[in-house]
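Q: Before we start, here is the structure in question, set down as structure tokens.
2 protein chains.
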Amino acid sequence: METWKTIDCKLLLDMPPYLKVEAHTIQLPDGRKLENWPWLISPDFINVVALTREGEYLCFRQTKYGVQGTTLAPVGGYVDAGEDPLAAAKRELLEETGYEAPHWENLGQFRVDGNRGNGTAHFFLAREAYPAAEIDADDLEEQVLLKLSRAEVEAAVQRGAFKVLPWQAVMALALLRW
Amino acid sequence: METWKTIDCKLLLDMPPYLKVEAHTIQLPDGRKLENWPWLISPDFINVVALTREGEYLCFRQTKYGVQGTTLAPVGGYVDAGEDPLAAAKRELLEETGYEAPHWENLGQFRVDGNRGNGTAHFFLAREAYPAAEIDADDLEEQVLLKLSRAEVEAAVQRGAFKVLPWQAVMALALLRW
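Structure (structure tokens):
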């Protein structure tokens, strides 16, 4: 199977540092051309499922502009320019929860939108996490740190209580991994 | 916890039917204002994990513009304007695989981007699927229909072989549900 080729690329919108929109001209394997294909460029992000030494899951209850009401959430944030995704994951865990962890597993990296790009999600599982510092979050949203049992996380995933796609995804992947 | 309020909204880019970009002015609960917040409007989509009467998972190997190389994929597609997500799921299952199914479960609906919107993913599990028609897919990508065992799907999810975020998510959720 042959992949599609980008033969032209025009910047339509630039809202640094969060979003660029391009219009791509694409050539299909059979020679046909697609014009004006929307392509989104946004920062990669990480999400971390953090398990404490006591086997609790570090989560938040928070508001989020794109979500109605409150939602459960894992640790997460954008990867800074030039930053390694694992380093970003460790940084966000420490900033948002005050915890560090000695054991880290990669739960995969996934293109957010198969058609339009829109960045890549990098997922991690942190185990044996322990409190190491004060919380130093720079997030604008209100959030409350929770320590959930595995049974509580399983029930929350079954009812879709992590209302944002990458959050529900990383929680499900962590339950399948560990 | 109070959610953020949209107090102004300006259309920056319109690429029908796939994408609108708006700049929102947002008021935070503490009274501060955020200007020029990027907000993406794109069609909702469905993904379906379809299990045959024989317990096989209907998947594809395919190319996708936003993905390097080939990827595994579930049934999926955009919800048409005014269409019910479950109806879209049944339509896409029939078009893409030629299968119908008597048993459908909702695996949840999730905001794609908690900050920027960008549509909602609607996930379904279809069971006892059986061949009912010829394949009638209108997708531009090359794809090959596969019937995978549960063990093959579990291994594929563990290695991140569904390379697109909603696809990996729906497969993981199906494994946790059934």
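Residue numbers (our numbering), protein chains in the order written: chain A, -16 to 161; chain B, -16 to 161.
A virtual CB, placed ideally from N, CA and C, is assigned to each residue, including glycine.
Could you name the residues of the same chain whose beta carbon sits closer than 8 Å to that of A:E75, not counting the 5 residues immediately before and after it, in chain order?
A: Excluding sequence neighbours, A:E75 sits near I29, V31, V58, G59, G60.
Q: Does the CB of A:L69 have a neighbour CB from chain B at under 8 Å?
A: So, not an interface residue.
Q: Can a CB atom of chain A be found closer than 8 Å to the CB of B:K146?
A: Answer yes: the Cβ-Cβ gap between B:K146 and chain A drops below 8 Å somewhere.
Q: If you reduce the DSSP assignment to three classes, tell me which class B:V147 lands in.
A: Note: B:V147 maps to strand in three-state DSSP.
Q: Output the boundary residues of the beta strand (DSSP E) element that contains B:L(-6).
A: Per DSSP, B:L(-6) belongs to the beta strand (DSSP E) from -12 to -2.
Q: Please check the pair A:E174 and A:L(-6), which I expect to be a contact at CB under 8 Å, by giving their CB distance rounded to whole angstroms.
A: This structure cannot speak to residue 174 of chain A, because chain A is shown only from -16 to 161.
Q: Compare the beta carbon distance of B:D96 and A:G49 with 8 Å and say whether it is the shorter of the two.
A: Going by C-beta atoms, B:D96 is nearer than 8 Å to A:G49.
Q: CB B:R15 to CB B:L129, shorter than 8 Å?
A: Taking 8 Å as the Cβ cut-off, B:R15 and B:L129 do not qualify as a contacting pair.
Q: If we call anything under 8 Å between Cβ atoms a contact, is B:Y82 one with B:A120?
A: Not in contact: B:Y82 and B:A120 (Cβ atoms no closer than 8 Å).
Q: Determine the contact status of B:A139 and B:L55, defining contact as a CB-CB distance below 8 Å.
A: Cβ atoms of B:A139 and B:L55: closer than 8 Å.
Q: Taking the continuous alpha helix (DSSP H) assigned at A:V140, which residues delimit it?
A: Per DSSP, A:V140 belongs to the alpha helix (DSSP H) from 133 to 141.
Q: Under the assumption that B:Y1 contacts B:S25 (Cβ atoms under 8 Å), give the Cβ distance between them as a whole number of angstroms.
A: With a Cβ gap of about 6 Å, B:Y1 and B:S25 count as contacting.
Q: Under 8 Å, Cβ to Cβ, is there at least one residue of chain B near A:I118?
A: False, the Cβ-Cβ gap to chain B never drops below 8 Å.
Q: Please name the residue, chosen from A:F106, A:R110, A:L(-4), that lies closest to A:A155 on a Cα-to-Cα basis.
A: When only C-alpha atoms are compared, the closest one is A:F106.
Q: Name the chain A residues that come within less than 8 Å of B:V140, Cβ to Cβ?
A: The answer, in chain order, is L156, L159.
Q: Show which residues of chain A have a CB atom less than 9 Å away from the CB atom of B:F93.
A: Ordered by position in chain A, the residues that pass the 9 Å Cβ test against B:F93 are G143, F145, K146, V147, L148, P149, W150, Q151, A152.
Q: How should B:A134 be labelled, buried or exposed, when 16 other C-beta atoms within 10 angstroms of its C-beta is the threshold for buried?
A: The residue is exposed, with fewer than 16 neighbouring Cβ atoms inside 10 Å.
Q: Could you name the residues of chain A that B:L163 contacts, counting a contact when the two beta carbons are closer than 7 Å?
A: With chain B running from -16 to 161 in the structure shown, residue 163 of chain B is simply not present.
Q: For a contact meaning CB atoms closer than 7 Å, what does B:P57 contact in chain A?
A: Simply none; closest approach about 11 Å.
Q: Can you pull the chain A neighbours of B:V50, defined as C-beta to C-beta under 9 Å?
A: The answer, in chain order, is T(-14), R94, G97.
Q: State the DSSP-derived secondary structure class of B:A56, mapped to helix, strand or coil.
A: In this structure, B:A56 counts as strand in the three-state DSSP scheme.
Q: Considering Cα atoms alone, identify which of B:A157, B:I9, B:V127 is closest to B:R99.
A: Of the candidates B:A157, B:I9, B:V127, the one whose C-alpha sits nearest the C-alpha of B:R99 is B:I9.
Q: Please list the partners that B:K47 has in chain A, where partner means a Cβ-to-Cβ separation under 9 Å.
A: In chain order: T(-14), W(-13), R94, G97, N98.
Q: Which residues in chain A sit within 8 Å of B:E125, going by Cβ to Cβ distance?
A: The answer, in chain order, is M(-16), E(-15), P12.
Q: When burial is assigned at 16 or more other CB atoms within 10 Å of the CB, is B:W161 buried or exposed?
A: Flag for B:W161 reads exposed.
Q: Grouping DSSP H, G and I as helix and E and B as strand, with all else coil, what is A:L17?
A: Correct three-state label for A:L17: strand.
Q: Taking Cβ positions, are A:V147 and B:F93 nearer each other than 8 Å?
A: For A:V147 and B:F93, yes; Cβs fall inside 8 Å.
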